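S.K.: Residue 9 in numbering that gives the first Met the number 0 sits at position 10 of the sequence shown, and the numbers go up by one each step.
All C-beta atoms in this analysis are idealised placements derived from N, C-alpha and C, irrespective of residue type, glycine included.
These figures come from a predicted structure and were not determined experimentally.
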Amino acid sequence: MPDLATFADTAMSPAELRGFLHGLPAVDQVGAEERAARLATRSIKKAAKAYAIDLAISMVDLTTLEGADTPGKVRALCAKAAHPDPADASVPKVAAVCVYSDLVGEAVRALDGTGIGVASVATAFPSGRAPLDAKLADTRRAIDDGATEIDMVIDRGAFLAGDLGKVYDEIVAVKAECGDVHLKVILETGELVTYDNVRRASWLAMLAGADFIKTSTGKVSPAATLPVTLVMLEAVRDFRAATGRQVGVKPAGGIRTTKDAIKYLVLVNETAGPDWLTPDWFRLGASSLLNDLLMQRRKLTTGVYGGPDYFTMD
0 MPDLATFADT
10 AMSPAELRGF
20 LHGLPAVDQV
30 GAEERAARLA
40 TRSIKKAAKA
50 YAIDLAISMV
60 DLTTLEGADT
70 PGKVRALCAK
80 AAHPDPADAS
90 VPKVAAVCVY
100 SDLVGEAVRA
110 LDGTGIGVAS
120 VATAFPSGRA
130 PLDAKLADTR
140 RAIDDGATEI
150 DMVIDRGAFL
160 AGDLGKVYDE
170 IVAVKAECGD
180 VHLKVILETG
190 ELVTYDNVRR
200 ASWLAMLAGA
210 DFIKTSTGKV
220 SPAATLPVTL
230 VMLEAVRDFR
240 AATGRQVGVK
250 PAGGIRTTKD
260 AIKYLVLVNE
270 TAGPDWLTPD
280 WFRLGASSLL
290 NDLLMQRRKL
300 TTGVYGGPDY
310 FTMD
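1. Can you list, in chain order, the residues of its chain with a C-beta nearer than 7 Å to that of S215? Leave out the 5 residues immediately preceding and following it.
2. Going by DSSP in three states, V276 sits in which element: helix, strand or coil?
3. So the candidates are R236, D53 and E105; which of them puts its Cα closest to the Cα of M205?
4. Where does A7 land, buried or exposed, given buried means 16+ other C-beta within 10 angstroms?
5. Output the distance between the C-alpha atoms of T63 and T256, rounded to the nearest integer angstrom.
6. Could you give the first and the last residue of the continuous alpha helix (DSSP H) run that contains I212?
7. Could you tell me the distance, in whole angstroms, from the CA atom of Y50 to the CA atom of V107?
8. If you draw a straight line from the alpha carbon of T371 to that of A81, how long is it in whole angstroms?
9. With a cut-off of 8 Å on the beta carbons, I'd call Y194 and L16 a contact; round off their distance for me.
10. Please state the DSSP three-state secondary structure of L23.
11. Suppose you measure from the CA of C77 to the CA of C177; what does that come to, to the nearest Å?
12. Looking only at C-alpha atoms, which of N268, L283, V230 and K262 sits nearest to D27?
13. Just the Cα atoms here: how many angstroms apart are L163 and A157?
14. For A45 and T270, what's the separation of their Cα atoms in angstroms?
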């Protein structure tokens with residue numbers, strides 16, 4: 000592991016950044032995929048499964064990011080976030096609702112008093128292709144309207160072209176604009192080509208000040224995968240060991256079933272450790288996942304399997 004002491008509390012030059020990131024150990028692709036596959040086969044018994052389902056619900060960033068989104072749809076989503084199953088008050092609320100920046104105010108009003116966060120995608124989501132001043136303006140608008148979390152997306156073109164300094168500087172600038180508002184940095188791992196690039200992008204984002212690193216926008220395939228998330232979890236684990244600062248992880252896109260969610264929770268526990276098994280440090284970006292979690296929860300608690308028509312689609 001390269002020595003971080005040189006870079007502590009100082010801005011990194013492009014040459015230092017490149018040298019550091021390319022000095023990181025290479026990812027063993029076969030080993031990462033085999034370990035992720037092996038952990039995915041872990042059997043979870045009934046009591047542990049009930050706990051895992053409630054934990055997964057509490058980690059959901061309930062998301063709508065469509066061009067056809069309306070204020071009414073956002074209000075309905077917020078009602079579901081606060082009371083996922085109106086027939087069962089014991090169901091935990093979700094961690095946050097994630098919307099486009101122009102709908103942040105609607106979400107803030109709908110969630111007032113619930114303690115649920117409002118996350119806004121910003122910085123030219125999902126492409127990341129816009130001038131920095133436009134990205135900062137997008138971020139500032141969302142925060143002014145009440146967003147408690149910003150999900151920014153990196154410029155993958157700059158990253159893949161080797162302009163690591165530009166990506167780093169943009170994250171630093173957006174983090175400065177965020178202040179105390181949490182910044183999640185979306186790597187769009189489906190476009191980064193290799194696990195080595197995923198590791199480098201993870202470290203780059205953390206060195207630049209990210210509070211969370213996130214796999215995907217959900218607009219590119221593949222989105223979240225277990226091996227990619229494994230690489231990111233190893234990165235946050237090693238980053239905390241080297242710097243003392245803990246950074247969260249958010250896989251997003253393609254996580255649709257309770258079985259999928261539990262695989263990710265096992266991966267977190269076995270890779271980064273139980274310190275990350277909380278909504279403060281691990282999130283699941285999803286829309287359809289919540290309904291499956293609710294169906295499986297009802298089956299465990301009542302013995303009756305409720306179909307998807309028992310729960311709202313939004």
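M.R.: Based on what the coordinates show:
1. Cβ contact annotation for S215 (same chain, cutoff 7 Å, sequence separation greater than five): I185, E187, T188, G189, A222, A223, A251 and G252, in chain order.
2. Residue identity differs from the one stated: residue 276 is Leu in this sequence, not Val. The answer is coil: DSSP assigns L276 none of H, G, I, E or B.
3. M205 has its Cα closest to that of R236, out of R236, D53 and E105.
4. Annotation note: pLDDT 49 at A7 (below 50); position unreliable, coordinate value reported separately. The residue is exposed, with fewer than 16 neighbouring Cβ atoms inside 10 Å.
5. If I take the Cα positions, the gap works out to 17 Å.
6. Annotation: I212 is outside any alpha helix (DSSP H); the continuous beta strand (DSSP E) that includes it extends over F211 to K213.
7. Between the alpha carbons of Y50 and V107 lies a gap of roughly 29 Å.
8. This structure cannot settle anything about residue 371, because the visible part of the chain is limited to 0 through 313.
9. Taking C-beta atoms under 8 Å as the contact rule, Y194 and L16 fail to qualify, at a distance of about 19 Å.
10. Here DSSP, grouped into helix, strand and coil, assigns L23 to coil.
11. Within the model, the alpha-carbon separation for C77 versus C177 is close to 23 Å.
12. Nearest in C-alpha terms to D27, of all of N268, L283, V230 and K262, is V230.
13. Roughly 7 Å between the two C-alpha positions.
14. Per the sequence shown, residue 45 should be read as Lys rather than Ala. Each residue's alpha carbon lies about 23 Å from the other.
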